[in-house]
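Numbering (the working numbering), first residue to last: 1 to 645. Heads up, the beta-carbon is just placed ideally off N, CA and C, and yes, glycines get one too.
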């Protein structure tokens, strides 16, 4: 009996997120949108995941406007998005009112199908998103996150989870195999069991990575899968999806023939190939370490970024150690699937364990949050020795994590009233406060920010940066938990290495690292208070204090008794962004003429995903503030002059 397998195209979302650091622009998408619409795809995945944040942060585009423009050009094919459960398109849970507002507006602006998943398969984190999506009129595709571990051996677990999702109102079910671990015959067995127990459409999402995905798709088709995810060949392979052209050829003439026109698909591929060359991106390919995914289970994109960062440090020889440590950390933390944000939680801890030379010597705040239950319930019990060491006398939470979060939309509407021109602006501000603030301020003034190029491109670097990058500074930090990584899905080893050095070699007791939008607060010792997930405190780092240099070659002669009346400059200890206040609407830490005490906070410097409070090292009077709020600063640049008492 003929049973056509339908296809979802991921080129405009997951494919370029996996291979191009999410740097495809709206202007790149619109010329090919009509051809994609005419192919006959089941759906086009065009939104969600990292695309929202990257639009605002790096491409300087309004993600809502992208969605509206795509909807104008794509009239026949349903538009699909990926939603990270209660975390929406961010990296930590948001309050219910933010979730409801975001989903409502997403549907109003053009989304038809919402694929909703939770990294831990904790259905409590899916309740509000699924209910909101149903209320808004979207097709709710509930995803089961697939992984392999000693506690994920019984396929009945996935059947029971799928049945719960059906009871919660799912319109279809997706097997989300983000690491490409699903082998062909395992795919056959799992799909067959699900189809025997469910009456809903079943979709399979996988990544090429270790090379099993095409075979998994073919066996899944035999077992009855309804829909599969693919990408146009210039954005396929490697960490991305299998190529649609290969899958269409493989199923042609079978009972599962997709009926898609291969010649039209290659016309589209030609467009993306030209775009790939123009942007300087490589095609997807599989490295040897990618093939080891079945041991370390690290998604390909995560490995690629680890490799890039280690190469920059000339420390690539540590990659093997880190890949060996990741499974050990994963076991300690109860075998979470390695998908955002748990992939970053596990990966960052593994990196810290290796580079510090001692396991759990340094523990990110996110690991503490995870162990305490702020991300949900892990698949297996957490190593109790590690839990005691990390949590101290803190008790794990047992409620739904979002129940601890206060509603915030009314507060955000008031805070953003001078910037927001519509509800969509307010939601952007709620999700990525500082990034949205910068974007909205520039937009409202009629200005235009140049797009930031992706890392690792092969175009002329000097010409490319001069043409596209507004300034060689880190991206703004997100008060509400968004990405600030230089690249989506990046574990920045250089930052972590500097973090360890900072803690081990200075008197600093606490610093904060942001990796892929994760706020990681690290203190010496293990007895610090756990920061709730909803908080984003800045942390202290020592300023670089020195005497003002004379402009002449000869240094001035100063009597010892006169030194106390000199102007003492406070200079930036790093390249970054200067913030005079802790939040956009908050008063500045200090003003000219203020008397300050040693240890008093003067400002914040955001750099390398670190939010650093700069404290005064002396008692004195603020004579000059040499930098304006929101301006970039260089290493060693004077930011304050203080008259010492």
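DSSP three-state assignment for residue i, whether helix, strand or coil
i, result
"residue 256", "coil"
"residue 87", "helix"
"residue 412", "helix"
"residue 2", "coil"
"residue 298", "coil"
"residue 377", "coil"
"residue 632", "strand"
"residue 348", "helix"
"residue 615", "strand"
"residue 139", "strand"
"residue 115", "strand"
"residue 109", "coil"
"residue 322", "helix"
"residue 41", "coil"
"residue 330", "helix"
"residue 34", "helix"
"residue 399", "coil"
Residue i, buried or exposed, once every other Cβ within 10 Å from all chains shown has been counted against 16
i, result
"residue 629", "exposed"
"residue 244", "buried"
"residue 232", "buried"
"residue 640", "buried"
"residue 587", "exposed"
"residue 15", "buried"
"residue 146", "buried"
"residue 438", "buried"
"residue 96", "buried"
"residue 12", "buried"
"residue 421", "exposed"
"residue 374", "buried"
"residue 288", "exposed"
"residue 61", "buried"
"residue 632", "buried"
"residue 84", "buried"
"residue 125", "buried"
"residue 237", "buried"
"residue 285", "exposed"
"residue 393", "exposed"
"residue 274", "exposed"
"residue 72", "exposed"
"residue 384", "exposed"
"residue 409", "buried"
"residue 54", "buried"
"residue 7", "buried"
"residue 35", "exposed"
"residue 433", "buried"
"residue 515", "Any reading at residue 515 must be qualified, since the residue scores a pLDDT of 44, below 50, and its modelled position is unreliable; the value itself is stated next. Counting Cβ neighbours within 10 Å, residue 515 comes out buried, since at least 16 surround it."
Cross-strand partners of residue i (DSSP beta bridge)
i, result
"residue 47", "81"
"residue 595", "621"
"residue 569", "641"
"residue 231", "243"
"residue 176", "145 and 205"
"residue 578", "605"
"residue 369", "Partner(s): none; residue 369 has no beta bridge."
"residue 394", "Bridge partners of residue 394: none, in fact."
"residue 7", "228"
Supposed contact pair residue j and residue i - C-beta distance, whole angstroms, cut 8 Å
i, j, result
"residue 228", "residue 5", "6 Å"
"residue 134", "residue 110", "Residue 134 to residue 110, Cβ: 18 Å. No contact."
"residue 297", "residue 216", "The pair is not a contact, with the Cβ atoms about 16 Å apart (cut-off 8 Å)."
"residue 225", "residue 248", "Incorrect: roughly 15 Å between the Cβ atoms, too far for contact."
"residue 86", "residue 50", "The Cβ separation is near 17 Å, so there is no contact."
"residue 660", "residue 451", "Any question about residue 660 goes unanswered here, given that the chain covers just 1 to 645."
"residue 90", "residue 431", "6 Å"
Is there contact between the stretch 621-640 and the stretch 583-596, where contact requires at least three CB pairs shorter than 8 Å?
-> yes
Answer yes if the stretch 260-279 comes into contact with the stretch 207-223, meaning at least three C-beta pairs across the two stretches below 8 Å, and no otherwise.
-> no
Given 8 Å, three or more beta-carbon pairs between the stretch 74-90 and the stretch 36-45 = yes
Does the stretch 211-220 come close enough to the stretch 180-188 that 3 or more CB-CB pairs lie under 8 Å?
-> yes
Counting pairs of Cβ atoms below 8 Å between the stretch 112-124 and the stretch 137-145, do you hit three or more?
-> yes
Would you be able to state if there are at least three C-beta pairs under 8 Å between the stretch 409-423 and the stretch 157-164?
-> no
Check whether the stretch 261-278 touches the stretch 318-335, taking contact to mean three or more Cβ pairs, one atom from each stretch, closer than 8 Å.
-> no
Please confirm if the stretch 360-369 is in contact with the stretch 341-352, defined as three or more CB-CB distances below 8 Å between the two stretches.
-> yes
Please confirm if the stretch 396-410 is in contact with the stretch 567-585, defined as three or more CB-CB distances below 8 Å between the two stretches.
-> The stretch 396-410 makes no contact with the stretch 567-585; the number of CB pairs closer than 8 Å stays below 3.
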